[in-house]
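Protein chains: 4
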Amino acid sequence: MSERMRIAINTGGGDAPGLNAVIEAVVLSAYNRNWEVYGIKQGYQGLLNTEDIMRLTPEMVRNISSIGGTILGTTNKGNPFKMAVENMAGEVEERDLSDRVVQNFHRLGLDCLIAVGGDGSLKIAYDFFKKGIPVIGVPKTIDNDLAGTVVTFGFDTAVSIATEAIDRLHSTAKSHDRVMVVEVMGRNAGWIALNSGISGGAKVILIPEIPFDMDIVCEKIMEGEVVGERYAIVVVAEGAVPLGGTLVHKGSGEAGRQEVLLGGIGAVVAKSIAAKTGKDTRSIVLGHLQRGGSPTTFDRLLALRFGSTAIRLVEKGLFGHMVALSPPNVTSVPLEVAVGSTKCVPLDSDTLLTARDIGISFGQPE
Amino acid sequence: MSERMRIAINTGGGDAPGLNAVIEAVVLSAYNRNWEVYGIKQGYQGLLNTEDIMRLTPEMVRNISSIGGTILGTTNKGNPFKMAVENMAGEVEERDLSDRVVQNFHRLGLDCLIAVGGDGSLKIAYDFFKKGIPVIGVPKTIDNDLAGTVVTFGFDTAVSIATEAIDRLHSTAKSHDRVMVVEVMGRNAGWIALNSGISGGAKVILIPEIPFDMDIVCEKIMEGEVVGERYAIVVVAEGAVPLGGTLVHKGSGEAGRQEVLLGGIGAVVAKSIAAKTGKDTRSIVLGHLQRGGSPTTFDRLLALRFGSTAIRLVEKGLFGHMVALSPPNVTSVPLEVAVGSTKCVPLDSDTLLTARDIGISFGQPE
Amino acid sequence: MSERMRIAINTGGGDAPGLNAVIEAVVLSAYNRNWEVYGIKQGYQGLLNTEDIMRLTPEMVRNISSIGGTILGTTNKGNPFKMAVENMAGEVEERDLSDRVVQNFHRLGLDCLIAVGGDGSLKIAYDFFKKGIPVIGVPKTIDNDLAGTVVTFGFDTAVSIATEAIDRLHSTAKSHDRVMVVEVMGRNAGWIALNSGISGGAKVILIPEIPFDMDIVCEKIMEGEVVGERYAIVVVAEGAVPLGGTLVHKGSGEAGRQEVLLGGIGAVVAKSIAAKTGKDTRSIVLGHLQRGGSPTTFDRLLALRFGSTAIRLVEKGLFGHMVALSPPNVTSVPLEVAVGSTKCVPLDSDTLLTARDIGISFGQPE
Amino acid sequence: MSERMRIAINTGGGDAPGLNAVIEAVVLSAYNRNWEVYGIKQGYQGLLNTEDIMRLTPEMVRNISSIGGTILGTTNKGNPFKMAVENMAGEVEERDLSDRVVQNFHRLGLDCLIAVGGDGSLKIAYDFFKKGIPVIGVPKTIDNDLAGTVVTFGFDTAVSIATEAIDRLHSTAKSHDRVMVVEVMGRNAGWIALNSGISGGAKVILIPEIPFDMDIVCEKIMEGEVVGERYAIVVVAEGAVPLGGTLVHKGSGEAGRQEVLLGGIGAVVAKSIAAKTGKDTRSIVLGHLQRGGSPTTFDRLLALRFGSTAIRLVEKGLFGHMVALSPPNVTSVPLEVAVGSTKCVPLDSDTLLTARDIGISFGQPE
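Residue numbers (the numbering used here), protein chains in the order written: chain A, 1 to 366; chain B, 367 to 732; chain C, 733 to 1098; chain D, 1099 to 1464.
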């Protein structure tokens, strides 16, 4: 290890509360070792076009942990292995620019890259690791769908915001005897829907892991009428699918999300409930509210621990690894563990059993 | 005045944070005079079908001031003067059932009605006043469009929720160099958009009072590119209209809102910005998040003061009046002042001047 | 008026949420006129020792409105008319250094001073105005005790924080059948105690404007025992005084507060309640929690309007005036209106009547 | 197992956010099995004096999960094995009334007791288990000092409230160049101080696990002066002790806390810092703010999962066990694991390493 490590850090994929906390802890923990940290802008793009790279000093990052967003910027586009580039004929074609990244990395005298990102960004990080760049991954996803870590920063905030929104909608639904359908994020996993639905007192939760039957959803809603509970909250994960249905959350990340925003599964479910039950039914898409802004204290601390642990992994030379939460400790796992698969809600998880036990329906026969 | 007044109270129109606080203060202030309060369910419907009427005791209302919604229920339908009723041929026709309300009111031995509601509900209250029912109005609107009072409860909460949402979207917009269009409520007035847009640091605010020019909106957004501010928040009131445009917020209240939810002005503006500027642009409709849940402390206190003042107006026999905020005091104005007109943002208001001064565009040539 | 005004701004007295919002609006509104703004550090000290004065640019202030504190720093010491200075014998003596401030002001080519502060700082500003400096005041007090304006920024935040704290203490008091005494700020006025006490559901509120009788306080608390309400919240203003008592909130501002922190009136009241009623009684001093951190949306907007209006007053040449809220507008009043007197809770205010009506005792015979 | 189980539930020890969520999930999950739940008031006192016992129905508990406190009441007194009783001579003596509890339990036809409490209450539960009562424990502590579970509900809320308070104090400390000493709860463990101190950007954190040296604390504070960081936040656990000192947090739970409230370690540390550094230094005791009110979403969900899992443990006949979080699952451990020892912060925990790495001092030579 060089005397005075030169560490690069980037943030990739969608925004998540806690990114700045990771950056703060990385810079301060490096400073504590007399190492230098360089911020790479816009994911990997700052390693293709290196003029924006800047030295990050303690003064620049102190107490940014509670601020939303990322001071480094981020993007969902820009995989250097498959970069969309305009050719001389003016057509857009995909090109592999990864060698240029590797060259720039060495030319700049960098010793290691701390890559903060979700499955997409970590997969790219892993590919660069295989090309010889000493990489440490820091998992980031508000969807909790990354394997290898019990949870990552951003998820607690997303669930908290969704729950707070459901709480607000609750009082209006109750006052007006309405059905309120709330569509939340989560891509192809039901974590945000499950956790916020239980916390917020939903009557029905629809998640990708359990294909739903619209008739059973409506039966559940009408059940309440008999006992005088004439309103209901239905929480729908953006990736939820009807039984035998083809309504799949297309693509991963932002691209898929954008489609869903323009009349997604929540609106479809709401329309169907209104038609079948005759109840006044409204739908709302929480969308980007779930991924921006200040992290919860839980996420702020977790992100600080992740950032600081990343520096300790550098110290140990554990490249090709990703920091991971294995409560109560932050440890590490090989990057390939995380990038291989999506972590879905297990059907025997106690959280799911709890939901059923307290009377929540998943739109399936019991 | 009878020795032991029997007071009825109802809540009408859309949900608003603070309704329960009004009820709490009415009941406790009446109890303090040894008077009785009776809760009327679902706006005026509880006076057509009187079986649900219930005595409200201090135990039932103590400390409900912070709870969202209304324990009396509310509805946007059900004007007894124009009630939709199914006739014998199975057709729905409008009928005037107001006499039945008056009869029931007297049959129940009630001395007065405290009607908590927006322009629609207060208009009905005023009509009943003209039919001889001693009525006291309590203004309620999250939109701040009621005349006669500087502000009512619910508005501060709506603005706070919208601002908090904008804050969250801010960080994501900034991290991704995006334009984020946020559509907020307000019906045909721009109060929520103006106040939350300034507080949340919007670059553009579009309100019904100032028809906007899409080209000027886009120019403003592109202005930032030059100085490196590559993101923007655009706050759009649901009732905003393009210059020379016909896009009017149709109908009042919930009905109009529902249409807007399914692809409203926010989505239209976002699509246009994306097309004209080429910027990655997203839109979000805050919708019912703005009207449910716990009131802010400001609204909680104001609603308690309104409810308590209503009882003092009963004591003074000031029927046909509405409580009103004339800072720092809560006073009263004749009901007809409030129900006659919509309170829009005056073009010379200092808030509007402030917005312009700090660099916010309204989509109009300066 | 010079072509390109050079405006100085300082913040004085205790911290208040919204100070940065005032600064942001002043700088942006000046920038909009092509004027320059210079930040004076630590109240008036930056005009004695001018090396820290810095040009404030739009980039430095954009979106700081939601950040607590003041980027200019502040202090409770440092009245240039009575500055504590160490003489050659090593003794501290008071000296009038105001001429040096005036000289520096002119030497720096400044055209006007926007002084943001409470009664102390505004009094100093007024004195400088009388010495020829063109001054605009911006009122700041979390205590709401400044005359001339219906309310100032900081107060809504203080009341909100206090109410939220009372809400939290409520549940514990109830679960444990306890009396909880909460001491809040307010100096010699009862505004924070009154507003937060009503909002938070206190049983007893003690304010400086109504000297209290400890026996009546205890009777009120024991009243609840009979009906099974075995807990109580007592909100005590730091300046509350017992009937015939001498327990005065000493000095103004921070100095007085510090003494109170070390066993103030709240602890005295709690001890007395415990002794007289035998109830498990606890006390808590909210202290500085009430004055730091992010402003509420209400305060953020009000502070932005104040800052922007201050620039418009400069434009109009209304020196010697202070911006003021006269709802719904921000206007201005002569500085002497504000600095002359303390604004206490009027005994006939509707807020006070509301408190009594909903069953709150002020520790006085009814 | 009887066809229709009759389950008793009580809550003991200090208030903690999430107690009502446990009760809600227990009642709803029992209802789902057609079982009955009986609420025992005031910890174990409701089993000595059984007239208050009441059947808990789904209607009584639905959506109470977000409400602070406990609908069953709680107390820190009242161990039936050592009950303070007045004898005929009027003296208070300790008596073992546990047999009466056992008799009442059987007389009421109860099948099992779900005891929700901290170390004290769970120890009593365990003793009753040894006397033949089928007991299931649910761990509760805001201090995170219970062994056997990674964390319990209440802790996340306490840390969040403390962090939010520190954030608020931060801005004032910075604006005034002050040292702010914040005393937080935690009994003899430093969890709350450590987690909130890191999240809130403290410069110094003092915890019971690391005896501190006042001179090193002051050195750390003065370090900032050199680089222009003239303020500091010092977070002190209520159980923190000086090196070689005797200042021990006396007694456990509420009793110890009360003493500390009247001039605890925070005030001592603040006085010492002021004397040694000459800096303007203030102290604040967060006290009961940390344990009351609504739980965070994290705690709300965890408490619901705990309550529901408790019912599943009853179903499995796992008496003498306590529910426990072993992320990502809620499982169970024998009660004796939890009641034997206090869980302190391990000196090699990654959270502690993170704190040191980002420059936080624990008042010890490095």
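C-beta atoms are modelled at their ideal positions from N, C-alpha and C, and glycine is treated no differently.
- Task: Identify the continuous beta strand (DSSP E) that holds Arg827(C) and give its terminal residues.
- Result: Translated into positions along the third sequence, residue 827(C) becomes position 95. Where Arg827(C) is concerned, the enclosing beta strand (DSSP E) stretches over 824-827.
- Query: Can you list the alpha helix (DSSP H) stretches of 4 or more residues lying completely in the region 648-696 of chain B, in chain order?
  - Reply: With a minimum length of 4 residues, the continuous alpha helix (DSSP H) runs that stay inside the region 648-696 of chain B are 663-682.
- Message: Under 7 Å, Cβ to Cβ, is there at least one residue of chain D near Ala16(A)?
- Response: Locating residue 16(A) in the first sequence gives position 16, where the first residue counts as 1. No, its Cβ sits nowhere closer than 7 Å to a Cβ of chain D.
- Message: Which same chain residues end up closer than 6 Å to Gly1246(D) when comparing Cβ atoms and leaving out the 5 residues on each side of it in sequence?
- Response: One-based indexing of the fourth sequence puts residue 1246(D) at position 148. Taken in chain order, the residues that qualify are Ala1422, Val1431, Val1435, Ala1436.
- Message: Could you compute how far the alpha carbon of Gly435(B) sits from the alpha carbon of Lys174(A)?
- Response: Within the second sequence, numbered from 1, the residue matching residue 435(B) stands at position 69. Within the first sequence, numbered from 1, the residue matching residue 174(A) stands at position 174. Cα to Cα, Gly435(B) sits roughly 7 Å from Lys174(A).
- Run through DSSP, which three-state label would Met5(A) get? The count along the first sequence starts at 1 and reaches residue 5(A) at position 5. Residue state, collapsed to three classes: coil.
- Task: In angstroms with no decimal places, state the Cα-to-Cα distance between Ser526(B) and Gly605(B).
- Result: Within the second sequence, numbered from 1, the residue matching residue 526(B) stands at position 160. Within the second sequence, numbered from 1, the residue matching residue 605(B) stands at position 239. For Ser526(B) and Gly605(B), the distance between alpha carbons rounds to 19 Å.
- Among Ile1231(D), Glu1191(D), Leu1195(D), nearest to Leu1208(D) - alpha-carbon criterion: Taking the fourth sequence and counting its residues from 1, one reaches residue 1208(D) at position 110. Measuring from the Cα of Leu1208(D), the nearest candidate turns out to be Ile1231(D).
- Query: Taking DSSP as the reference, what is the three-state secondary structure of Phe1310(D)?
  - Reply: Counting from one through the fourth sequence, the residue named residue 1310(D) turns up at place 212. In the structure shown, Phe1310(D) sits in a strand (DSSP, three-state: E or B).
- Item | Any chain A beta carbon closer than 7 Å to Phe1396(D) | As a working mapping, residue 1396(D) is identified with position 298 in the fourth sequence. True, the Cβ-Cβ gap to chain A drops below 7 Å.
- Does the region 755-770 of chain C come close enough to the region 778-797 of chain C to have 3 or more Cβ pairs within less than 8 Å? yes
- Could you spell out the range, first to last residue, of the beta strand (DSSP E) harbouring Arg690(C)? Any property of residue 690(C) remains undetermined from this structure, which presents chain C solely from 733 to 1098.
- Message: Tell me which residues share the same chain as Met449(B) and place their Cβ nearer than 6 Å to its Cβ, disregarding the 5 neighbours each side in the sequence.
- Response: Translated into the one-based positions of the second sequence, residue 449(B) becomes position 83. Closer than 6 Å at Cβ, skipping near neighbours: Arg461, Leu463.
- Ordered along the chain, which non-local residues of its own chain (more than five positions away) have a Cβ less than 8 Å from that of Ile874(C)? The sequence position of residue 874(C) within the third sequence is 142, counting from 1. Closer than 8 Å at the Cβ level, and outside the excluded window around Ile874(C), lie Gly746, Ala748, Pro749, Gly886, Phe887, Thr889, Ala890, Met917, Ile924, Gln1022, Arg1023.
- Message: Quick check: the region 33-44 of chain A against the region 74-93 of chain A, are at least 3 beta-carbon pairs closer than 8 Å?
- Response: yes
- Item | When Gly483(B), Ile724(B), Gly686(B), Ser674(B) are compared against Thr789(C), the one with the closest alpha-carbon | Indexing the third sequence from 1 puts residue 789(C) at position 57. Answer by Cα proximity: Ile724(B).
- Message: Against chain D, with Cβ distances strictly below 7 Å, would Gly46(A) count as a contact?
- Response: Residue numbering aside, residue 46(A) sits at position 46 when the first sequence is read from its first letter. Not closer than 7 Å to any Cβ of chain D, the Cβ of Gly46(A) fails to qualify, so no.
- In this structure, does DSSP put Tyr770(C) in helix, strand or coil? Taking the third sequence and counting its residues from 1, the one referred to as residue 770(C) is at position 38. Strand.
- Query: Hey, does Thr1452(D) have any beta-carbon neighbour from chain A nearer than 7 Å?
  - Reply: Residue numbering aside, residue 1452(D) sits at position 354 when the fourth sequence is read from its first letter. So, interface residue.
- Message: Our contact map puts Phe1460(D) next to Ile1303(D) with C-beta atoms below 8 Å; I'd like the distance itself, whole angstroms only.
- Response: Taking the fourth sequence and counting its residues from 1, the one referred to as residue 1460(D) is at position 362. Taking the fourth sequence and counting its residues from 1, the one referred to as residue 1303(D) is at position 205. About 6 Å; that satisfies the 8 Å criterion.
- Task: Please name the residue or residues paired with Gly483(B) in a DSSP beta bridge.
- Result: Within the second sequence, the letter at position 117 stands for residue 483(B). Answer is Pro505(B).
- Task: Name the two residues that bound the continuous beta strand (DSSP E) containing Ile571(B).
- Result: In the second sequence, residue 571(B) corresponds to position 205, counting from 1. 570-572 is the extent of the beta strand (DSSP E) around Ile571(B).
- Simplified DSSP assignment, three categories, for Ser1102(C): Absent from the structure is residue 1102(C), since the part of chain C shown begins at 733 and ends at 1098.
- Query: Per DSSP, what kind of secondary structure is Val516(B) in: helix, strand or coil?
  - Reply: Working through the second sequence from its first residue, we reach residue 516(B) at position 150. Val516(B): coil per DSSP, three-state reduction.
- Does the distance from the CB of Ile1212(D) to the CB of Ala1401(D) come in under 7 Å? Locating residue 1212(D) in the fourth sequence gives position 114, where the first residue counts as 1. Locating residue 1401(D) in the fourth sequence gives position 303, where the first residue counts as 1. Going by C-beta atoms, Ile1212(D) is not nearer than 7 Å to Ala1401(D).
- Query: Measuring CA to CA, which of Gly287(A), Leu108(A), Phe212(A), Trp35(A) is closest to Met5(A)?
  - Reply: Position 5 of the first sequence, counted from the start, is the residue given in the question as residue 5(A). Of the candidates Gly287(A), Leu108(A), Phe212(A), Trp35(A), the one whose C-alpha sits nearest the C-alpha of Met5(A) is Trp35(A).
- Tell me Thr743(C)'s beta-bridge partners as DSSP assigns them. Taking the first residue of the third sequence as position 1, residue 743(C) is located at position 11. Note: Thr743(C) sits in a beta bridge opposite Val848(C).
- Task: Using a Cβ cut-off of 7 Å (strictly closer), state whether Leu289(A) contacts chain B.
- Result: If you number the first sequence from 1, residue 289(A) lands on position 289. It does; some Cβ of chain B falls within 7 Å.
- Task: State yes or no: is the beta carbon of Thr74(A) nearer than 7 Å to at least one beta carbon in chain B?
- Result: For the purposes of this step, residue 74(A) is identified with residue 74 of the first sequence, where counting begins at 1. Yes, Thr74(A) counts as interfacial toward chain B.
- Task: Anything in the region 319-350 of chain A with a Cβ closer than 9 Å to a Cβ of chain D? List those residues in chain order, please.
- Result: Leu325, Ser326, Pro327, Pro328, Asn329, Val330, Thr331, Pro346, Ser349, Asp350
- Query: Out of Glu51(A), Thr331(A), Val217(A), which has the shortest C-alpha to C-alpha gap to Val269(A)?
  - Reply: Working through the first sequence from its first residue, we reach residue 269(A) at position 269. Taking only the C-alpha atoms, the option nearest Val269(A) is Val217(A).
- By how many angstroms is the C-alpha of Ile40(A) removed from the C-alpha of Gly367(A)? Nothing in the structure corresponds to residue 367(A), since chain A is present only between 1 and 366.
- Task: Please name the residue or residues paired with Ile965(C) in a DSSP beta bridge.
- Result: Along the third sequence, one-based indexing puts residue 965(C) at 233. In the DSSP output, where bridge partners are listed per residue, Ile965(C) has Met912(C).
- Tell me whether the beta-carbon of Val1233(D) lies closer than 7 Å to the beta-carbon of Phe1226(D). As a working mapping, residue 1233(D) is identified with position 135 in the fourth sequence. As a working mapping, residue 1226(D) is identified with position 128 in the fourth sequence. Yes. Within cutoff.
- Item | 8 Å contact criterion, which Ile233(A) and His176(A) should meet: CB distance rounded | To locate residue 233(A), count along the first sequence from 1; it is residue 233. To locate residue 176(A), count along the first sequence from 1; it is residue 176. So it is not a contact: roughly 13 Å between Cβ atoms.
- Proximal chain B residues relative to Arg168(A), where beta-carbon distance stays under 9 Å: Position 168 of the first sequence holds residue 168(A). Ordered by position in chain B, the residues that pass the 9 Å Cβ test against Arg168(A) are Pro383, Gly434, Ile527, His654, Leu655, Gln656, Arg657, Gly658, Gly659, Ser660.
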